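Chains as they are written, first to last, in the numbering used here: chain A, 1 to 440; chain B, 1 to 295; chain C, 1 to 294.
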């Protein structure tokens with residue numbers, strides 16, 4: 001198996017404590033049957049091996065749930081054609097979903113053999129229902145949602161796969177222009193905030209920020225769930241003091257001259273995940289080739305979007321009524337990172353929003369610790385197991401590699417949020433380390 | 001006024017409309033942009049933020065794109081929006097962007113399906129209840145409890161059981177249209193003059209003849225009244241149902257325009273809904289005229 | 001066995017004010033021969049309309065039975081057609097359609113031409129030619145009841161039940177229609193059971209008049225033979241010597257059994273002693289006997 005090791009993304013010697021559990025299960029299934037069958041079927045030449053490995057790797061992703069015969073059949077056919085070409089992807093009209101959305105007008109779905117249409121949902125609950133009821137084949141979701149839905153929190157438990165993160169960064173705390181003088185979280189006691197959904201990075205980041213400033217999110221302020229466009233309207237009407245919401249609605253508030261950008265989310269946790277591309281486990285296992293084609297398209301689009309040179313083009317592509325239905329100026333400001341901050345300044349921050357598909361397990365674990373912290377999740381959770389099951393990190397890398405994009409050394413890493421380090425291996429301790437929480 | 005001159009109601013109508021439009025226009029008018037007293041920096045800021053645009057002669061003016069979303073738009077903005085939408089009425093520019101003609105068709109078909117289904121069920125049930133006093137009294141409490149529940153409140157439950165948002169939208173309309181017709185039909189049949197039923201009994205009319213020659217025509221004016229109320233209720237329900245379920249239609253349009261804070265678009269969508277309502281309602285008047293009778 | 005016989009009819013209603021039941025009439029027996037025209041007179045609430053409805057089969061009695069031509073009659077039927085006080089014409093149908101509805105029900109095998117001819121015949125009979133396509137709302141009360149009569153006669157029922165048929169028609173038209181009724185009845189000679197308040201009408205039209213006491217537990221106290229020979233007319237009937245004797249007799253009866261007064265001792269005594277109705281016939285009995293009967 002030495003060939004495989006040198007081609008793969010993992011290198012056990014170069015890593016310290018973080019284990020590559022997805023690699024371990026790959027080992028298990030692969031060693032048990034599939035690669036052996038593939039290697040035998042395709043013959044030993046390197047090119048054939050690679051092709052065979054491509055097929056094997058792909059089939060191994062879903063190997064544990066596919067019956068053995070199916071695996072053999074797949075292994076014998078290294079280039080799997082999509083079982084169904086017509087797919088529907090649900091999205092919410094916010095810039096977080098840029099890769100999913102732009103993949104239609106900019107031809108990424110088509111490039112990977114799919115005839116995809118993107119269907120616009122009115123809110124997160126709707127898109128959750130669409131995914132669970134199979135109204136759509138894949139869906140744009142908030143990164144905590146696949147975890148919540150798989151765990152049956154706030155919905156019928158349905159196993160969801162999250163093969164790719166859509167965007168990192170890309171949010172902001174927007175406050176009403178009358179709060180220009182606010183300096184710290186402590187000044188925000190008594191404020192009324194909005195977030196788009198309970199199980200969202202917006203909610204968790206806002207709460208983290210407030211708690212760090214000594215403000216209890218459930219006692220000292222109000223946080224309401226409001227659909228993003230209504231956030232701006234509410235701000236205009238003076239019903240809320242601010243929100244931590246997705247773009248373009250932060251920039252929109254500035255555009256409307258009613259709000260200013262108090263803090264970008266990347267100032268809270270740089271490169272935090274926000275939205276994701278998801279499918280139900282059932283879809284992935286029933287239509288594995290279609291699933292993989294979609295995945296490739298998304299990873300491809302995400303990498304395209306991460307390049308600064310393409311941002312203007314993308315803004316123009318997703319502005320029309322069929323997609324985001326926003327003025328191009330607003331989208332450009334968000335995507336290029338050259339924007340008006342609402343206080344009379346033009347700021348430049350090219351990493352205001354970025355796109356990186358890799359679904360770090362440690363991100364999942366962080367989210368779960370916060371869910372526990374605020375009482376969204378009760379009882380003991382096997383953080384690692386759930387993260388692995390839902391956030392398909394290793395698999396994402398295989399796709400990336402195939403498409404020629406860089407890959408990662410590990411599936412977990414330490415993150416720093418507002419100066420405090422999060423170690424995914426010490427999740428329980430982390431949860432208990434917060435003075436302000438709603439666990440009781 | 002000299003006797004013999006008739007005051008023309010249409011003139012008054014037109015006059016009221018003109019006054020309203022003028023008032024609306026003036027109320028939402030804004031002075032042209034005046035760049036005096038602004039620093040270069042401020043102007044650049046405003047241009048960057050899309051508030052103003054450069055004109056051909058180097059000056060500045062308010063950005064028409066932004067005019068749509070600055071507060072309440074004037075009648076001209078709405079007219080412009082209407083012109084744009086109607087121009088593309090028959091196009092399909094993507095999964096989420098169909099022309100207004102299609103949207104109207106979707107909404108009307110959704111509405112019609114729910115309304116007709118509800119009307120048939122309500123009339124049949126209503127007749128049954130109207131003819132049988134005991135049954136009526138037994139079932140009436142449930143009707144009274146369920147009747148005032150807003151049809152939109154049923155939506156989550158329906159979506160959960162039915163799962164398909166298209167059918168859920170139709171069912172929401174169904175729930176809205178069911179109760180008024182049911183209640184009035186039962187009442188109308190119940191209060192049908194006993195003499196008519198006696199004549200039917202003496203003449204030994206078959207149940208079908210009794211239904212179609214005596215009961216239905218007798219209760220028809222009341223039933224049509226009930227249908228009218230149901231109709232209004234269903235029309236009110238279809239728009240938010242579309243918004244909540246994300247199904248393409250006129251209600252969906254107004255939500256999408258709201259998403260973009262394009263109030264002119266929202267007003268336009270409202271007007272379209274109103275227009276559709278007027279057309280359907282006049283159809284109703286014709287129907288009502290056919291079945292009324294005087295004792 | 002009479003052609004139309006009501007045997008020991010008793011009717012209870014639930015007591016409106018509380019528990020228990022009220023007996024409207026008790027043990028009423030009526031015998032009507034074929035071709036007879038019989039009227040019942042009594043105060044409001046004595047149950048005469050209920051009695052008519054029972055014969056028509058539109059209501060049920062608590063005890064007793066109705067026998068028509070030897071067979072028990074239960075439930076409504078085309079053999080016992082009703083003419084209603086408030087006409088009961090379907091307002092959404094024309095005059096023609098109202099009568100045709102009945103004709104088609106009575107003669108389901110007839111062709112359309114037969115039905116049309118028959119309906120037109122009866123419309124002409126009641127003098128409403130030209131009004132075939134009018135709706136009831138466009139007709140006066142008198143015209144409406146003419147349609148009602150046409151409808152009833154057109155199905156040639158065994159028994160015709162007239163429930164205060166002219167009560168809602170103005171007094172002047174009433175007289176005219178009464179004579180029209182006599183004309184129609186003369187030709188077809190149906191058995192008729194009528195209920196009315198109008199004493200003159202009763203005398204003009206009937207062969208016998210039944211006088212009912214007041215409720216509760218009303219009964220038929222007397223049966224008066226109308227000894228004025230037919231053919232009768234309004235102008236001539238008042239000349240007959242028995243007319244006013246009959247009329248006064250009935251009026252005295254009604255006064256004695258005035259609704260809101262408790263029955264006089266004599267009346268209640270009368271009520272308890274004689275169960276069978278007393279026959280009053282001014283031809284048979286001597287004037288003296290009539291006075292004692294009072």
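Note that CB positions come from ideal geometry on N, CA and C, so glycine has one too.
On a predicted model such as this, the values are computed, not experimentally measured, just so you know.
Local Cβ density within 10 Å of residue i, reported as buried at 16 or more and exposed below that
i, result
"residue 374 of chain A", "buried"
"residue 266 of chain A", "buried"
"residue 25 of chain B", "exposed"
"residue 282 of chain B", "exposed"
"residue 248 of chain C", "exposed"
"residue 189 of chain C", "exposed"
"residue 109 of chain C", "exposed"
"residue 311 of chain A", "buried"
"residue 358 of chain A", "buried"
"residue 208 of chain B", "exposed"
"residue 29 of chain B", "exposed"
"residue 268 of chain A", "buried"
"residue 17 of chain B", "exposed"
Residue-chain proximity (residue i, chain A), Cβ-Cβ < 7 Å
i, result
"residue 28 of chain B", "no"
"residue 56 of chain B", "no"
"residue 256 of chain B", "yes"
"residue 94 of chain B", "yes"
"residue 81 of chain B", "no"
"residue 132 of chain B", "no"
"residue 260 of chain B", "yes"
8 Å contact criterion, which residue i and residue j should meet: CB distance rounded
i, j, result
"residue 86 of chain B", "residue 60 of chain B", "The pair is not a contact, with the Cβ atoms about 31 Å apart (cut-off 8 Å)."
"residue 342 of chain A", "residue 259 of chain A", "6 Å"
"residue 134 of chain B", "residue 154 of chain B", "The pair is not a contact, with the Cβ atoms about 29 Å apart (cut-off 8 Å)."
"residue 207 of chain C", "residue 226 of chain C", "6 Å"
"residue 319 of chain A", "residue 326 of chain A", "6 Å"
Nearest-angstrom Cα separation, counted from residue j out to residue i
i, j, result
"residue 348 of chain A", "residue 14 of chain B", "54 Å"
"residue 179 of chain B", "residue 146 of chain B", "8 Å"
"residue 121 of chain B", "residue 201 of chain A", "47 Å"
"residue 143 of chain C", "residue 179 of chain C", "14 Å"
"residue 300 of chain C", "residue 293 of chain B", "Look at the range of chain C in this structure, 1 to 294, and you will see that residue 300 of chain C is not part of it."
"residue 230 of chain C", "residue 186 of chain C", "10 Å"
"residue 36 of chain C", "residue 227 of chain B", "51 Å"
"residue 131 of chain B", "residue 67 of chain C", "29 Å"
"residue 101 of chain B", "residue 222 of chain B", "34 Å"
"residue 244 of chain B", "residue 205 of chain B", "49 Å"
"residue 129 of chain A", "residue 277 of chain A", "15 Å"
"residue 127 of chain A", "residue 268 of chain B", "27 Å"
"residue 189 of chain B", "residue 218 of chain B", "8 Å"
"residue 251 of chain B", "residue 285 of chain A", "37 Å"
"residue 146 of chain C", "residue 199 of chain C", "21 Å"
Any non-hydrogen atom of the ligand PLP closer than 6 Å to residue i Cβ
i, result
"residue 263 of chain B", "The ligand content of the structure shown is nil, which means the ligand PLP is not present either."
Chain B within 7 Å of residue i, Cβ atoms only
i, result
"residue 191 of chain C", "no"
"residue 58 of chain C", "yes"
"residue 105 of chain C", "yes"
"residue 229 of chain A", "yes"
"residue 4 of chain C", "no"
"residue 352 of chain A", "no"
Beta-bridge pairing of residue i - partner residues as DSSP gives them
i, result
"residue 405 of chain A", "In the DSSP output, where bridge partners are listed per residue, residue 405 of chain A has none listed."
"residue 338 of chain A", "A/348"
"residue 117 of chain A", "A/88"
"residue 21 of chain C", "C/14"
"residue 225 of chain C", "C/208"
7 Å Cβ cutoff, residue i in contact with chain C
i, result
"residue 288 of chain B", "no"
"residue 199 of chain B", "yes"
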